[in-house]
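What follows is one structure encoded as structure tokens, with my remarks underneath.
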Amino acid sequence: MKTRTLINYALLLIGLLNAPVAQAQQTNKLLYRVSAKFATVKDYSVDVHIKVDMPFLRMLPINAKIYFKQKDKFKVESKSIAIVPKQSFVQLTKLIADTNSYTAMQQGRETINGTPTALINIIPISDTSDVVLGKLWIDDKQMVIVKSMITTKSNGTILTTYTYNNQINYGLPDIMLFEVDVKKFKIPKAIAADINTSQANAIKDDGKPKKGKIILTLTNYKINKGIADSFFKKN
934 MKTRTLINYA LLLIGLLNAP VAQAQQTNKL LYRVSAKFAT VKDYSVDVHI
984 KVDMPFLRML PINAKIYFKQ KDKFKVESKS IAIVPKQSFV QLTKLIADTN
1034 SYTAMQQGRE TINGTPTALI NIIPISDTSD VVLGKLWIDD KQMVIVKSMI
1084 TTKSNGTILT TYTYNNQINY GLPDIMLFEV DVKKFKIPKA IAADINTSQA
1134 NAIKDDGKPK KGKIILTLTN YKINKGIADS FFKKN
């Protein structure tokens, strides 16, 4: 009887020790499936309508075109200056594709806008990574990222929500809503030069973080049509 009890305790202990390992493996498997879905997109172009709502900026909505090619080629074309957070297009997808570059653990589950999601924390292993910490809310039925919170050294924390429709099979969103810390988020120099000094000082006075929003509406995707590497080279 004692022997059987000891065996049961030993099996329980082994199970407890292996639980974190098993959970980490399941989390990595989930991230791999999300990454594999996006990997079916070799390249794409898409029309984008950009609306910017920031305390110190007054910008009319603009239209632009975004081009992407695996793994990290990215280009924006527009007739005026476009504010597009590149991190959520390139940096995030590139990071989760390399499961050896980070430690990931599921924190639990949350419902986002009616969609059940798995909440995953990501910590890059390398201290040279621009990403400090990532949180991903993943729809583990559709295998897409519904929401992300990425903290970077260069741009502070960027909270992004993704809305999917026609291109969900590729993991490509139709709407992206970015919330940024305006003090830390880098904007194009040409825009920064035009910011009124008194407005900028007003933001700094109370010491509280000010949030800005960038809304991208993406239409007319052209997927896997082929884009030459030379297209992404700077003129």
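Once you know that position 70 of the sequence shown is 1003 in the numbering used here, the rest is easy, because the numbers rise by one and skip nothing. Just so you know, even glycine gets a beta-carbon here, dropped at the ideal spot from N, CA and C.
Buried or exposed for PRO988, going by 16 or more other Cβ atoms inside 10 Å?
Within the sequence shown, residue 988 is the residue found at index 55, counting from 1. Label assigned to PRO988: exposed.
Buried or exposed, going by whether 16 or more other CB atoms sit within 10 Å of the CB of GLY1145?
To locate residue 1145, count along the sequence shown from 1; it is residue 212. By the 10 Å Cβ count, GLY1145 comes out buried.
Less than 6 Å between C-beta atoms, sequence neighbours within five positions excluded: which residues of the same chain meet that for THR1130?
By 1-based counting over the sequence shown, the position of residue 1130 is 197. Residue confidence is low: THR1130 scores 43 on pLDDT, short of 50, so the model does not pin down where it sits. No coordinate-derived value is stated.
Please report the distance separating the alpha-carbon of GLN956 from that of SER1011.
Here residue 956 refers to the residue found at position 23 of the sequence shown. Here residue 1011 refers to the residue found at position 78 of the sequence shown. GLN956 and SER1011: Cα-Cα distance of roughly 45 Å.
Report the start-end ranges of each alpha helix (DSSP H) in the stretch 1077-1105 that is 4 residues or longer and not cut off at the edges.
As for any alpha helix (DSSP H) of minimum length 4 sitting wholly inside the stretch 1077-1105, there is none.
What is the rounded straight-line gap between the Cα of MET1076 and the Cα of ASN1088?
Numbered from 1 along the sequence shown, position 143 holds the residue referred to as residue 1076. Numbered from 1 along the sequence shown, position 155 holds the residue referred to as residue 1088. Here the alpha carbons of ASN1088 and MET1076 stand approximately 27 Å from one another.
Could you tell me whether the Cβ atoms of ILE1160 and GLN1100 are closer together than 9 Å?
Your numbering for residue 1160 matches position 227 in the sequence shown. Your numbering for residue 1100 matches position 167 in the sequence shown. 9 Å or more divides the Cβ of ILE1160 from the Cβ of GLN1100.
Beta-bridge pairing of GLY1067 - partner residues as DSSP gives them
As a working mapping, residue 1067 is identified with position 134 in the sequence shown. Answer is ILE1055 and ILE1083.
ILE1029 by DSSP, collapsed to three states: which one?
Counting from one through the sequence shown, the residue named residue 1029 turns up at place 96. Helix, per DSSP.
For LEU1149, which of TYR965, ALA969, ASN1046 and PRO1018 has the nearest alpha-carbon?
Within the sequence shown, residue 1149 is the residue found at index 216, counting from 1. The shortest CA-to-CA distance from LEU1149 to any of TYR965, ALA969, ASN1046 and PRO1018 is the one to PRO1018.
Leaving out the 5 sequence neighbours to the left and right, which residues in its chain are closer than 6 Å to SER968 when beta-carbon positions are compared?
The residue labelled residue 968 in the question sits at position 35 within the sequence shown. Closer than 6 Å at Cβ, skipping near neighbours: ILE1029 and ALA1030.
Report the CB separation of ILE1058 from SER1034 in whole angstroms; it is logged as a contact under 8 Å.
The residue given as residue 1058 occupies position 125 in the sequence shown. The residue given as residue 1034 occupies position 101 in the sequence shown. SER1034 and ILE1058 do touch by the CB rule: their CB atoms are close to 6 Å apart, below 8 Å.
Alpha carbon to alpha carbon, what distance is there between TRP1070 and LYS1158?
Sequence index remark: in the sequence shown, residue 1158 carries index 225 (1-based). Sequence index remark: in the sequence shown, residue 1070 carries index 137 (1-based). About 30 Å.
Counting C-beta neighbours from all protein chains within 10 Å, is the total for PRO1177 16 or more, i.e. buried, or is it exposed?
Residue 1177 lies beyond the residue range present for the chain, which begins at 934 and ends at 1168; the question has no answer from this structure.
Spatially closest choice to VAL981 from LEU990, VAL1065, LYS1008 and ASN961, by CA coordinates
Your numbering for residue 981 matches position 48 in the sequence shown. Among LEU990, VAL1065, LYS1008 and ASN961, the Cα nearest to that of VAL981 is on LYS1008.
Suppose you measure from the CA of GLY1047 to the CA of ASP1060; what does that come to, to the nearest Å?
The count along the sequence shown starts at 1 and reaches residue 1047 at position 114. The count along the sequence shown starts at 1 and reaches residue 1060 at position 127. Near 36 Å, if we compare the C-alpha coordinates of ASP1060 and GLY1047.
Could you tell me which residues DSSP pairs with ALA1149 in its beta bridges?
Your numbering for residue 1149 matches position 216 in the sequence shown. Ala is not the amino acid found at residue 1149; the sequence shown has Leu there. Per DSSP, ILE983 and MET1109.
Would you mind reading off the limits of the beta strand (DSSP E) that contains MET1038?
Here residue 1038 refers to the residue found at position 105 when the sequence shown is read from its first residue. From DSSP, the beta strand (DSSP E) with MET1038 extends over 1035-1045.
6 Å CB neighbourhood of ASP1063 in its chain, flanking five on each side removed:
Mapped onto the sequence shown, residue 1063 falls at position 130. The residues are THR1085, LYS1086 and SER1087.
For ALA1015, which beta-bridge partners are listed by DSSP?
Numbered from its first residue, the sequence shown carries residue 1015 at position 82. Paired residues: none, contrary to the question.
Using three-state DSSP, classify ALA1161 as helix, strand or coil.
Locating residue 1161 in the sequence shown gives position 228, where the first residue counts as 1. Three-state DSSP puts ALA1161 in coil, outside helix and strand.
Boundaries (first-last residue) of the beta strand (DSSP E) holding LYS1002
As a first step, residue 1002 must be located in the sequence shown, where it is residue number 69. For LYS1002, the enclosing beta strand (DSSP E) has its first and last residue at 995-1002.
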